[in-house]
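Trainee: Input: one structure, supplied below.
Protein chains in written order, with this note's numbering: chain A, 1 to 135; chain B, 136 to 629.
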C-alpha cells in the first residue's frame, strides 16, 4: 500500500482517480487547489503526488516548484495528469521537472499500473507482487 | 608691439582680432572674435587656435598659412572656421607678424572677417543661374548647401514643403529645416560628408524629420549628392515628405499586430477548448471504464452492452476533438514537420502490423507489396504514418469481404523526377462517381449507405489530404460502383 495525494479541482475527476487507486489498495488524500495541495503534502508526506496543472490559487507548476525547494520533498515523485494535451504540453511538463505526464482522458484500465511505476522502488515491488497475485 | 598694446583699438573693431603665439596659442581675443566664433576671451585665451575654431579639413591649410606669415610678414587668404556651436562660417583672413621686443618671440596678429553672408549670396547667384530651371523640374524638394551648411538654393517644392516664402531660405543655415534634436548630429554628418562626399541616402534606417517654419514636424527621407563646381563644393539634398508612406506603414504595423493578436487568441481558444472538452470526458470515459472493469460489482448483460455503447461514443467524441484540433492546427499553419530520411517500407509495415488484427477480425486478407530495396524519402514520419493508417483503416472499415491490398512503389515522372506512391486497394462497395469530389471535405461521409455505428469522425480523409499537402503530395481515388476503391498517396521529391 502506498499513500497518494491527488491535487485536482474537478470533483468528478478527483473521485475517479481516488476510486481507481483505493480499489488497488492504496490510501488516497485529495486536495482541490494548489495551496491546499502543498499543505496536504506537508501534513501527510505522501509517497507520490498526482497533480492537475490548471488549479485555483496555485497551479500545478507552482505546486511543483514549492515542493521541490523543500528538501524533504525534493525527491517526491510528482506526476502531472492534465487535460492540456497539445504537443508542447508534455515537453513543458517534463522540462519543468515533473516525474511523469499523463493526458486526460485517462484510460482507467491502464491508469493504476502507469502511476505505480513512479512509486519508490520498495513500494513498487509491493504493488507489482500484488498485481501478480491478483492475476 | 606687445599683444596687449592693441587692445583699445581691437575692442571696437567689428572683425575678429586674434593674437597667436608662434606655437598657435591664443594670446588675445577681441570682442569681435567672441561675436564671430562664440567663445568668450576667458574661454579662448591659452587654448590652441586650431583646436578651437579650425575645421579638421582646414587644419593643413591653416598651419601652412602661419608658417608663411612667420616667413613673409603679411598674408591674406580665405578660409572656414567653426563656431562654438559647431556651425561653420567663411572668413577673409589677414595675418601679420607682430614685431617682437628684443629677446621676445614674435606673435601673429590675425584679423578675420565673417564673409559668410556675402559668399553665400554670391554662390546663390551663380547657382541660381545654372540650376534653377533644372531644380524646378523635379518633384522632390531640393536644397543645395555649401560646405558651411548655408542654403544656396532651395527649389519651390522645398520652400512649399517647409512652409517658406520664395527666396526666404537663401543664405539661411540648413539646420533651420531640422528639429533641434537632429541638429548636432547633422553638423557632424555634414562635416564628415564633405571629407568624403559621395551619393548616398541620409538617415536610411533612421526616422528623420523635417521642421516647418510654423514649428511642426513631418517625416522625411533625404538623399545627398555632392556637386563640385569650379568655385566650391556643394551638397544637394533631395527631400521627400514620407508622411503618407509612414502612415501606411503605421496602419500596416497595427494591422499586423491585430492579426498576431487574433492568431494568439485563436491558439488560446483552441488550447482551452481542448482542455475544457477533455475534462468532462475524463469522468465519462473513466467511470464507464471502472464499471466495465466491474470494480464496483458485477454487471448484467444489458448493463454491460449499454455501457459499451457509452464508452464507444465517448471515445468517438474524443477522436472527433483530436481530429478537429489537428485540422485547426494545419489550417493555422501550426504543424511542425520533422523532415528526415524515412524508409517508406517501414511506415507501411508498421501500419499493417497495427491494423492486421482488425482486418483478420473481419476475415479480410491484408496483402502487402513492397519493393526489394528501401524507399527512402525526405519527409515527416508521423504525418506519413497517420495518412497510411487512415487509408488502410478506411479500406478495412468499408470492405465487408475480400481483401485490402497495399502497394508501395516508385515511379519516375518525365525522366528526372521520381514520385513515391502508396496504393490502398479494397474490394469494398466502391464510391459513386458523383460522390468522389466531396470525399475529402470535412464531415462528407459518402459511401456509407447504412452506417450502423458512428465509426470514424468524418474528418479522416479531410485531415489526410491536408497532411499529404504539407508533405508535398496528394491523395487521389479511383473507384467504380461495386468494384472497390483504390486510394493513392503520391509524394513528390526524393
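Heads up, the beta-carbon is just placed ideally off N, CA and C, and yes, glycines get one too.
Considering just the uninterrupted stretch of the alpha helix (DSSP H) at residue 416 (chain B), what are its terminal residues?
Mentor: Segment 378-427, the alpha helix (DSSP H) holding residue 416 (chain B).
Trainee: Which term fits residue 286 (chain B), buried or exposed, when burial requires 16 or more other beta carbons within 10 angstroms of its beta carbon?
Mentor: Answer is buried; the Cβ neighbour count reaches 16.
Trainee: Roughly how many whole angstroms lie between the Cα atoms of residue 301 (chain B) and residue 394 (chain B)?
Mentor: Straight-line Cα distance between these residues: approximately 47 Å.
Trainee: Please classify residue 342 (chain B) as buried or exposed, where buried requires at least 16 neighbouring CB atoms within 10 angstroms.
Mentor: Counting Cβ neighbours within 10 Å, residue 342 (chain B) comes out exposed, since fewer than 16 surround it.
Trainee: Once the 5 residues before and after residue 589 (chain B) are set aside, which same chain residues still bring their CB inside 6 Å of it?
Mentor: With a pLDDT of only 46 at residue 589 (chain B), under 50, the local geometry of the prediction cannot be trusted, and the value read off the model is given with reservation. So the list reads 451, once near-sequence residues are dropped.
Trainee: Compare the C-alpha of residue 539 (chain B) against each of B:173, B:619, B:611 and name the closest.
Mentor: Per the Cα distances, B:619.
Trainee: Please classify residue 371 (chain B) as buried or exposed, where buried requires at least 16 other C-beta atoms within 10 Å of its C-beta.
Mentor: It counts as buried.
Trainee: Does the CB of residue 587 (chain B) have a neighbour CB from chain A at under 9 Å?
Mentor: Note that residue 587 (chain B) has pLDDT 46, beneath the 50 cutoff, so the model's placement of it is unreliable and the number below is only indicative. Answer no: the Cβ-Cβ gap between residue 587 (chain B) and chain A never drops below 9 Å.
Trainee: To the nearest angstrom, how far is the alpha carbon of residue 273 (chain B) from that of residue 212 (chain B)?
Mentor: Roughly 38 Å separates the two Cα atoms.
Trainee: Could one say the Cβ of residue 435 (chain B) lies closer than 9 Å to chain A's Cβ atoms, at least one of them?
Mentor: No, its Cβ sits nowhere closer than 9 Å to a Cβ of chain A.
Trainee: When DSSP labels each residue in this structure, what does residue 16 (chain A) get in the three-state scheme?
Mentor: If DSSP states are grouped into helix, strand and coil, residue 16 (chain A) belongs with the helices.
Trainee: Which residues in chain B sit within 7 Å of residue 133 (chain A), going by Cβ to Cβ distance?
Mentor: Those within 7 Å of residue 133 (chain A) in chain B number zero; the least Cβ separation is about 17 Å.
Trainee: Under 9 Å between C-beta atoms, does residue 417 (chain B) make it to chain A?
Mentor: Yes, residue 417 (chain B) lies at the interface with chain A (some Cβ there is under 9 Å from its Cβ).
Trainee: With DSSP as the reference, please indicate the residues paired to residue 369 (chain B) in a beta bridge.
Mentor: For residue 369 (chain B), which the question treats as bridged, DSSP gives the partners B:362.
Trainee: Within the same chain, show all residues whose beta-carbon is closer than 8 Å to that of residue 59 (chain A), passing over the 5 residues directly before and after it, in chain order.
Mentor: Excluding positions up to five away in sequence, the list reads 34, 53.
Trainee: Could you check what DSSP says for residue 32 (chain A) in three-state terms: helix, strand or coil?
Mentor: Looking at residue 32 (chain A) - three-state DSSP - the assignment turns out to be coil, as it is neither helix nor strand.
Trainee: Taking 8 Å as the cut-off, is the CB of residue 106 (chain A) close to at least one heavy atom of the ligand GDP?
Mentor: Absent from the structure shown: the ligand GDP. Ligands present: none.
Trainee: Between residue 458 (chain B) and residue 606 (chain B), how many whole angstroms is the CB-CB distance? I'm expecting something under 8 Å.
Mentor: Residue 458 (chain B) to residue 606 (chain B), Cβ: 18 Å. No contact.
Trainee: Does DSSP put residue 280 (chain B) in a helix, a strand or coil?
Mentor: Looking at residue 280 (chain B) - three-state DSSP - the assignment turns out to be strand.
Trainee: Quick one: list the residues of chain B neighbouring residue 160 (chain A), beta-carbon separation under 7 Å, in chain order.
Mentor: What is shown of chain A runs 1 to 135, which leaves residue 160 (chain A) out entirely.
Trainee: According to the Cβ coordinates, are residue 48 (chain A) and residue 37 (chain A) closer than 9 Å?
Mentor: No; because the gap between Cβ atoms is not below 9 Å, this pair is not in contact.
Trainee: Answer yes if the region 421-432 of chain B comes into contact with the region 488-508 of chain B, meaning at least three C-beta pairs across the two stretches below 8 Å, and no otherwise.
Mentor: No, they do not touch.
Trainee: Spatial neighbours of residue 612 (chain B) within its chain, please: CB distance less than 8 Å, with the 5 preceding and 5 following residues excluded, ordered by chain position.
Mentor: So the list reads 566, 571, 574, 620, 621, 622, 623, once near-sequence residues are dropped.
Trainee: Entirely within the region 489-531 of chain B and at least 3 residues each: give me those beta strand (DSSP E) ranges in chain order.
Mentor: With a minimum length of 3 residues, the continuous beta strand (DSSP E) runs that stay inside the region 489-531 of chain B are 500-504, 511-515.
Trainee: Once the 5 residues before and after residue 254 (chain B) are set aside, which same chain residues still bring their CB inside 7 Å of it?
Mentor: So the qualifying residues of the chain are 225.
Trainee: For residue 454 (chain B) and chain A, any beta-carbon pair shorter than 9 Å?
Mentor: It does not: the Cβ of residue 454 (chain B) has no partner Cβ on chain A nearer than 9 Å.
Trainee: Excluding the five sequence neighbours on either side, which residues of its own chain have a C-beta within less than 7 Å of the C-beta of residue 252 (chain B), listed in chain order?
Mentor: Closer than 7 Å at the Cβ level, and outside the excluded window around residue 252 (chain B), lie 306.
Trainee: Kindly indicate which three-state DSSP category residue 307 (chain B) falls into: helix, strand or coil?
Mentor: It is coil, neither helix nor strand.
Trainee: What residues from chain A crowd round residue 422 (chain B), counting only those whose CB sits closer than 7 Å?
Mentor: By Cβ distance, chain A contributes 16.
Trainee: Do you know how far the Cα of residue 98 (chain A) is from the Cα of residue 50 (chain A)?
Mentor: Near 10 Å, if we compare the C-alpha coordinates of residue 98 (chain A) and residue 50 (chain A).
Trainee: Listing by chain order, which chain A residues have their CB less than 9 Å from the CB of residue 635 (chain B)?
Mentor: Residue 635 (chain B) lies beyond the residue range present for chain B, which begins at 136 and ends at 629; the question has no answer from this structure.
Trainee: In this structure, does DSSP put residue 101 (chain A) in helix, strand or coil?
Mentor: The answer is strand: DSSP assigns residue 101 (chain A) an E or B state.
Trainee: For residue 14 (chain A), which residues in the same chain have their Cβ closer than 8 Å to its Cβ, ignoring the five residues on either side in sequence?
Mentor: These residues qualify, in order along the chain: 6, 8, 30, 32.
Trainee: Taking residue 413 (chain B) as the query, report the chain A residues whose CB atoms sit under 7 Å from its CB, ordered along the chain.
Mentor: By Cβ distance, chain A contributes 83, 85, 104, 105.
Trainee: Out of B:197, B:208, B:522, state which residue places its alpha-carbon closest to the alpha-carbon of residue 227 (chain B).
Mentor: Checked all of B:197, B:208, B:522; the closest Cα to residue 227 (chain B) is B:197.
Trainee: Listed in chain order, which residues of the region 42-69 of chain A have Cβ atoms closer than 8 Å to some Cβ of chain B?
Mentor: If the cut-off is 8 Å between Cβ atoms, the region 42-69 of chain A has 54 near chain B.
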